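Undergrad: As given, the protein sequences belong to chains A and B, one line each in that order.
For the first sequence, this note's numbering gives the first residue as 1364, with consecutive numbering after it.
For the second sequence, this note's numbering gives the first residue as 1364, with consecutive numbering after it.
One structure, pasted below without further comment.
There are 2 protein chains.
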Amino acid sequence: MTTILRGNLIHAPALGQLECLPGGYLILEDGVIAALCSRLPEQYQNSPVIDYGDALILQSFADCHLHAPQYPMVGTGMDVTLLDWLQKYAFPTESRFVDGAYARQVYHALARELVDNGTTRVIMFSSLHTDATLILMDELEQAGLWGYVGKVNMDRNGTPQLQETTEESQRETLRWLDACGQFHHIKPILTPRFTPSCTDALMAWLGRTAAERGLYIQSHLSENDREIAWVRELHPDCQRYWESYAKYGLWADHTVMAHCVHSDAQERLAMREANVLCVHCPDSNINVRSGLAPVRTMLNEGNWVALGSDIAGGDHLHMMDVITAAVRTSKLRSLLIDGSEPLTAADGYYLGTTAGHRYFGAGAGFAVGDALHAIVVDDSGIDTMGNMNFTDRLERALYRAKSEQIVAVWAGGKQIK
Amino acid sequence: MTTILRGNLIHAPALGQLECLPGGYLILEDGVIAALCSRLPEQYQNSPVIDYGDALILQSFADCHLHAPQYPMVGTGMDVTLLDWLQKYAFPTESRFVDGAYARQVYHALARELVDNGTTRVIMFSSLHTDATLILMDELEQAGLWGYVGKVNMDRNGTPQLQETTEESQRETLRWLDACGQFHHIKPILTPRFTPSCTDALMAWLGRTAAERGLYIQSHLSENDREIAWVRELHPDCQRYWESYAKYGLWADHTVMAHCVHSDAQERLAMREANVLCVHCPDSNINVRSGLAPVRTMLNEGNWVALGSDIAGGDHLHMMDVITAAVRTSKLRSLLIDGSEPLTAADGYYLGTTAGHRYFGAGAGFAVGDALHAIVVDDSGIDTMGNMNFTDRLERALYRAKSEQIVAVWAGGKQIK
Chain A
1364 MTTILRGNLI HAPALGQLEC LPGGYLILED GVIAALCSRL PEQYQNSPVI
1414 DYGDALILQS FADCHLHAPQ YPMVGTGMDV TLLDWLQKYA FPTESRFVDG
1464 AYARQVYHAL ARELVDNGTT RVIMFSSLHT DATLILMDEL EQAGLWGYVG
1514 KVNMDRNGTP QLQETTEESQ RETLRWLDAC GQFHHIKPIL TPRFTPSCTD
1564 ALMAWLGRTA AERGLYIQSH LSENDREIAW VRELHPDCQR YWESYAKYGL
1614 WADHTVMAHC VHSDAQERLA MREANVLCVH CPDSNINVRS GLAPVRTMLN
1664 EGNWVALGSD IAGGDHLHMM DVITAAVRTS KLRSLLIDGS EPLTAADGYY
1714 LGTTAGHRYF GAGAGFAVGD ALHAIVVDDS GIDTMGNMNF TDRLERALYR
1764 AKSEQIVAVW AGGKQIK
Chain B
1364 MTTILRGNLI HAPALGQLEC LPGGYLILED GVIAALCSRL PEQYQNSPVI
1414 DYGDALILQS FADCHLHAPQ YPMVGTGMDV TLLDWLQKYA FPTESRFVDG
1464 AYARQVYHAL ARELVDNGTT RVIMFSSLHT DATLILMDEL EQAGLWGYVG
1514 KVNMDRNGTP QLQETTEESQ RETLRWLDAC GQFHHIKPIL TPRFTPSCTD
1564 ALMAWLGRTA AERGLYIQSH LSENDREIAW VRELHPDCQR YWESYAKYGL
1614 WADHTVMAHC VHSDAQERLA MREANVLCVH CPDSNINVRS GLAPVRTMLN
1664 EGNWVALGSD IAGGDHLHMM DVITAAVRTS KLRSLLIDGS EPLTAADGYY
1714 LGTTAGHRYF GAGAGFAVGD ALHAIVVDDS GIDTMGNMNF TDRLERALYR
1764 AKSEQIVAVW AGGKQIK
């Protein structure tokens, strides 16, 4: 079936590069992009067109790191640092997800808010609870989202209410993986919480399981000084944090590592060599006082970097806020640390869209052959200037648009808002 | 007339100090706070009560620095630094306010958005246009806001479209001041844009006019390194930026100085000695790459500090966003510069409310004898936790609440939303 969308197309085929097609056409065949064009080709002259008028048609967002069970506590507990924050706020909140009804209520609301804000792909942590994780996957799938979701593994340094034995962690992981076949566009990803949360035995088992089953892995890396020192104590044989994953086979193609605030040149090289995705979470890194990640440096070196809201260390689920936070953070990095070139709005848009969608095998920008992931932004309600060019309108949308300006959302070729 | 509001009262009588009255009563006589109480006193048992149920009744916000004519460009031009930003974006945008119809449209929208977001008092820059300034004051007054508004003076270093002669600046300032008597709760404040924008003759005239007419003064101070160097070139006799105001009588009780990012101990002392209000604008200072102001240090030293959105250097008009930006900024200041104690959510709430309302003669928190400035926040729509204490609910509101959660706004004892 042919579907044609018309509007002001703005996409990011490469870092720092925007392509605008004012009043352009997106031609879909069964939800898959067949062509982008400035004029409607002859053969489609009689096809119906969904005309979005003067609205912007942008790429939808990929949120590549967030903790679903921390959604209820967004915007609380912001006055402490990472390790205290985990013990006092995050772990007690996550432990409530032993209750399936509570999980259903929270995850339904989370899925709705993601869609409302134009996020269509996620790479996400659940809690350690198998049943709640399946509920989360179900809610995301029902909302039309695409993603990777991980039941968390943690068999040490949790709380009495939030910890598994090694055996439980393995058994529950297998039970969870066996149940994931029911989902079509939400896939499992192995999720050791972070090195301090997993015994060596569990890490080794996860590495073997990833290899045997062809699963991707997500975790945290070099977020905070105290955390890094702790990992060094736990793994005195590892020169750097990443090696505590690598030695168990958890450092592989498409491994996702959140934060990398303090990753040095060696660790960044190891990421490039393995094709590890670094997820930059600017809000979270400031809220829990971790620091300013060297994003421009990583990009210049050729690292693969995308963005994450990291709720509830981060306080904004809306990826437009995360994009502008990344821009702001890069300005401070430049000013206070290393003089690196700040991210532009176009850079941020690329990191929040194309760079994350790539994890799912998508091409660059609105690429022919990809199922459509897009949002439609009606910026007339935030326009008091008139006559702005399209790159300024994109920038203004990133800074100013709320969910109400996002009037349509397409995911996997279907309209989900 | 007696009016009684009931709800969960949370106010900030002092820095870092919250007072909560769950299910408390605010008793107003002709809009003025007569009492705060946990139980309704006997004499009011038969008075009607406006019952806000489980909602939070908070202090409204005071936005102590913003540029009204830059409202149309919020969220654009964020990829350049201060002086370029002024020439390329801010000045061309402001020059459009020669058109009264345009001014009416923009200022009407601005006033509405301020009210919607719970800001009830402002200290504001207009442009240099007398008529547009009067339109702005009219729109603010009609919306029920309270504030100080300044016609900008700038007789050098502007653009051909946005500059006055010294004589014009004086004549138009007098014409504007003469017309301000028509307003009841919007007052004039003298507004030399910043030292580089005003000749010595104009500065001297403004200082004399302030003294003769008993007017307050607002301007910018020590925002950006290049700006500071420029002021030093223009006034080689001044050791520090503030002296370029002081030597013309523009450094006085209730002078408002935005930014003070780079104010050293001497300049901070000069502020305390004169009772100058420093307005911290965290978003703006990062967006235009000025730096991180030493807010905790200023507070510890006893300086008077309030908050400003500083649109359009800042990109958030909603003061809750400015408050959380101030908290984040203070964390980075602590982490990267001086180890100072970060601001807490309670500190931020105080700076965005009590500290700014004080400029208008208000007492601390919900003070008996003050006309009510308050907002009512219905946080049920952002609640997926249940059973939270009131300080956590305040923090979550600051991070999460949008205008739709602000279900009522009171200003000067009257409900304006």
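Each residue gets a CB set at the ideal place from its N, CA and C atoms; glycine is no exception.
All values reported here derive from a predicted model rather than from experimental measurement.
Buried or exposed: where does E1630 (chain B) fall if 16 or more other Cβ atoms within 10 Å of its Cβ makes it buried?
TA: buried
Undergrad: What residue range does the alpha helix (DSSP H) around G1570 (chain B) cover?
TA: 1563-1576
Undergrad: Is T1536 (chain A) buried or exposed, if buried means 16 or more other CB atoms sit within 10 Å of its CB?
TA: buried
Undergrad: Which residue's Cα is closest to the Cα of H1548 (chain A): A:A1669, A:Y1511, A:L1569?
TA: The shortest C-alpha separation from H1548 (chain A) is found at A:Y1511.
Undergrad: Under the three-state reduction of DSSP, which class applies to V1443 (chain A): helix, strand or coil?
TA: coil
Undergrad: List the residues that DSSP assigns as beta-bridge partners of A1771 (chain B).
TA: B:V1739
Undergrad: Where does N1520 (chain B) land, buried or exposed, given buried means 16+ other C-beta within 10 angstroms?
TA: buried
Undergrad: With a threshold of 6 Å on Cβ separation, who are the neighbours of Y1611 (chain B) within its own chain once the five nearest residues in sequence on each side are excluded?
TA: M1566, A1567, G1570
Undergrad: Rounded to the nearest angstrom, what separates R1589 (chain A) and L1446 (chain A) at their Cα positions?
TA: 8 Å
Undergrad: Taking C-beta pairs closer than 7 Å, name the residues in chain A that M1748 (chain B) reaches, listed in chain order.
TA: P1435, M1436
Undergrad: Please list the residues of the stretch 1641-1655 of chain A that have a C-beta atom closer than 9 Å to any C-beta atom in chain B, keeping them in chain order.
TA: D1646, I1649, N1650, V1651, R1652, S1653, G1654, L1655
Undergrad: For the beta strand (DSSP E) that A1397 (chain A) lies in, which residues bound it at each end?
TA: 1395-1400
Undergrad: Are the Cβ atoms of N1516 (chain B) and E1530 (chain B) separated by less than 9 Å?
TA: no
Undergrad: A1656 (chain A) to H1643 (chain A), Cα distance in whole Å?
TA: Taken atom to atom, the span from the alpha-carbon of A1656 (chain A) to that of H1643 (chain A) is near 7 Å.
Undergrad: Just list the residues that DSSP pairs I1420 (chain A) with in beta bridges.
TA: A:L1372, A:V1739
Undergrad: Anyone know if the C-beta pair for L1421 (chain A) and Y1712 (chain A) falls short of 9 Å?
TA: The criterion of a C-beta distance shorter than 9 Å is satisfied by L1421 (chain A) and Y1712 (chain A).
Undergrad: Looking at C-alpha atoms only, which residue of A:L1403, A:T1618, A:G1481, A:Y1470 is the closest neighbour of E1767 (chain A)?
TA: A:G1481
Undergrad: If you draw a straight line from the C-alpha of R1467 (chain A) to the C-alpha of A1592 (chain B), how long is it?
TA: C-alpha separation (whole angstroms): 59 Å.
Undergrad: Within the chosen definition, does the stretch 1699-1709 of chain B reach the stretch 1664-1671 of chain B through at least 3 CB pairs nearer than 8 Å?
TA: no
Undergrad: How many whole angstroms separate the CB atoms of G1715 (chain B) and V1685 (chain B), which I take to be in contact at a CB cut-off of 8 Å?
TA: 6 Å between Cβ atoms; contact.
Undergrad: Using C-beta distances below 8 Å, list every residue in its chain close to R1659 (chain A), excluding the 5 sequence neighbours before and after it, in chain order.
TA: S1693, R1696, S1697, S1703, E1704, P1705, L1706
Undergrad: Using DSSP with H/G/I as helix, E/B as strand and the rest coil, what is A1637 (chain B)?
TA: A1637 (chain B): helix per DSSP, three-state reduction.
Undergrad: What residues in its chain sit with their C-beta under 7 Å from that of L1378 (chain A), if we drop five residues either side in the sequence?
TA: L1662, D1710, Y1713
Undergrad: Quick one, which of A:L1491, A:H1598, A:S1489, A:V1485 has its alpha-carbon nearest A1506 (chain A)'s?
TA: A:V1485
Undergrad: For my contact list, T1493 (chain B) and K1514 (chain B) are in at a C-beta cut-off of 8 Å; report their separation, rounded to the angstrom.
TA: 6 Å
Undergrad: Could you list the residues in the stretch 1446-1471 of chain A with a C-beta less than 8 Å from some C-beta on chain B, going in chain order?
TA: T1456, Q1468, V1469
Undergrad: What residue does the alpha helix (DSSP H) around Q1408 (chain A) start on, and which one ends it?
TA: Premise fails: Q1408 (chain A) is in no alpha helix (DSSP H) and is neither H nor E.
Undergrad: Leaving out five residues before and five after I1779 (chain B) in sequence, what residues of the same chain have Cβ atoms less than 6 Å from its Cβ?
TA: V1478, G1507, V1772
Undergrad: In three-state terms, what does DSSP make of Q1581 (chain B)?
TA: strand
Undergrad: Taking 9 Å as the threshold (C-beta atoms), are L1399 (chain A) and Y1388 (chain A) in contact?
TA: yes
Undergrad: Using Cβ-Cβ distances below 9 Å, what residues of the stretch 1546-1576 of chain A are close to chain B?
TA: none
Undergrad: Could you tell me which residues DSSP puts in a beta bridge with W1667 (chain B)?
TA: B:L1640
Undergrad: At what residue ranges does the stretch 1475-1513 of chain A contain a whole run of the alpha helix (DSSP H), taking only runs of 4 or more?
TA: As for any alpha helix (DSSP H) of minimum length 4 sitting wholly inside the stretch 1475-1513 of chain A, the runs are 1493-1505, ordered along the chain.
Undergrad: Per the contact definition of three or more C-beta pairs closer than 8 Å, is the stretch 1732-1741 of chain A in contact with the stretch 1394-1411 of chain A?
TA: Contact between the stretch 1394-1411 of chain A and the stretch 1732-1741 of chain A is present, with at least three C-beta pairs closer than 8 Å.
Undergrad: Could you tell me how far apart the beta carbons of V1740 (chain A) and A1764 (chain A) are, in whole angstroms, since I believe they sit closer than 8 Å?
TA: 6 Å
Undergrad: Alpha carbons only, please: which of B:D1518, B:L1640, B:Y1407, B:I1373 is nearest the one belonging to T1365 (chain B)?
TA: B:Y1407
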